[in-house]
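Count along the sequence shown starting at 1, add 39, and that's the number in our numbering.
Glycine is no exception: its CB is placed at the ideal position from the N, C-alpha and C atoms.
Worksheet for the structure shown next.
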Amino acid sequence: MAPSSSLADRLADVRARITAAAHDAGRDPASVTLVAVSKFHPASSVQEAIAAGQTVFGENRVQEAAAKFPPLREHNPALRLHLIGGLQTNKAKDAVRIADMIESLDRPALADALARAADSVGRMPELLIEVNTGDEPQKFGVPKEEADSFIRTCRQRFGASLRGLMCIPPAEEDPVPHFRLLRSMAQTHGLPVLSMGMSADYPIAIAEGATLVRVGTAIFGPRPPTA
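Below is the structure:
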């Protein structure tokens, strides 16, 4: 990423790389959706991305998303918000209220909280189950050995609202086996959405079947310093 490039230029470069990766894999580029991960970046940066044609954004923290996105939606009704970070059960109601998709469903207690929240709020976002493909103890995600059972339970409970699976491979490992495992799980359960691939590896993820790629740094630049 060139430090002097504009956000619009960086966004265009990411889109071009998505298109090239899809073509290389024999896929329609339209089958891959870019989720621009705007966590920790100000609303002004999101507005820049919107002006450049981006409509789908990802945030980690419910509180930050709740402050940032409702005002943006007032002038950009096509905007879609994905919550991609680990979700606490006590934030479920706020998450259900503001998100179009929650990508981090990973345990029965959260499934319960989301179901109660949806009943209360009167809407249910689309859901992805996060699978901890590396079984890393410090990460969110349902463990591999529990994933099939959890997916079946959630399909029965949430029906069409459960759209697919998400993973974040271990940083120090080849991501390909993790992407292939997630794709195999999704195919087994007939789930169409695969959220996998970030700034460092999204072309590889597209080659392995990703339908959503989550790209932040390559678009927005390094995380702003915190006070």
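Quick one: give me the first and last residue of the beta strand (DSSP E) that residue i is part of.
i	result
Phe-96	95 to 98
Ser-234	232 to 234
Ala-270	Lying before the first or after the last residue shown, residue 270 is absent from the chain, which here runs from 40 to 266.
Arg-119	119 to 122
Arg-202	201 to 205
Arg-253	251 to 254
Ser-143	140 to 144
Glu-169	165 to 171
With C-beta atoms as the reference, is residue i less than 8 Å away from residue j?
i	j	result
Ala-64	Ala-210	no
Arg-56	Thr-94	no
Phe-259	Ser-70	no
Asp-133	Glu-165	no
Ile-123	Gly-97	yes
Ala-257	Ser-238	yes
Ala-106	Ile-137	no
Ala-244	Gly-255	no
Thr-128	Ala-148	yes
Gly-125	Phe-189	no
Count the other CB atoms within 10 Å of the CB of residue i; is the residue buried (16 or more) or exposed (fewer)?
i	result
Arg-49	buried
Gly-198	exposed
Ala-59	exposed
Glu-142	buried
Ala-266	Confidence is the limiting factor: at Ala-266 the pLDDT is only 42, short of 50, which leaves the residue's position unreliable and the question unanswerable from this model.
Asp-145	buried
Arg-253	buried
Asp-151	exposed
Gly-229	exposed
Pro-214	buried
His-67	According to the sequence provided, residue 67 is Asp. The question's His does not apply to it. So Asp-67 counts as exposed.
Ser-159	exposed
Ser-44	exposed
Glu-212	exposed
Ala-117	exposed
How would you write the range of the alpha helix (DSSP H) that residue i sits in, first residue to last?
i	result
Ala-88	82 to 90
Asp-174	Segment: none, Asp-174 is in no alpha helix (DSSP H) and carries neither H nor E.
Met-237	No alpha helix (DSSP H) contains Met-237, which DSSP labels as neither H nor E.
His-114	101 to 114
Ala-210	No alpha helix (DSSP H) holds Ala-210; DSSP gives it neither H nor E.
Arg-54	46 to 63
Asp-67	First-last for Asp-67: undefined, no H or E at that position.
Thr-192	183 to 197
Leu-126	No alpha helix (DSSP H) holds Leu-126; DSSP gives it neither H nor E.
Pro-261	Looking at the DSSP string, Pro-261 is not in any alpha helix (DSSP H), and its letter there is neither H nor E.
So, at 6 Å on beta carbons, what are the nonlocal neighbours of residue i in its own chain, with the 5 sequence-adjacent residues on each side left out?
i	result
Leu-251	Thr-72, Val-74, Ser-234
Arg-262	Phe-79
Ala-47	Ala-91
Lys-130	Val-101
Can you list, in chain order, the residues of its chain whose CB lies under 7 Å from that of residue i, leaving out five sequence neighbours each side?
i	result
Asp-174	Pro-182, Lys-183
Val-232	Leu-167, Arg-202, Gly-203, Thr-250, Leu-251
Thr-172	Lys-183, Cys-206, Pro-208, His-217, Leu-220, Leu-221
Ala-157	Val-135, Met-163
Ala-186	Val-170, Met-224
Quick one: residues in its chain with C-beta nearer than 8 Å to the C-beta of residue i, no 5 flanking neighbours on either side, listed in chain order?
i	result
Glu-113	none
Ala-61	Asp-67, Pro-68, Ser-70, Val-71, Ile-245
Arg-191	His-228
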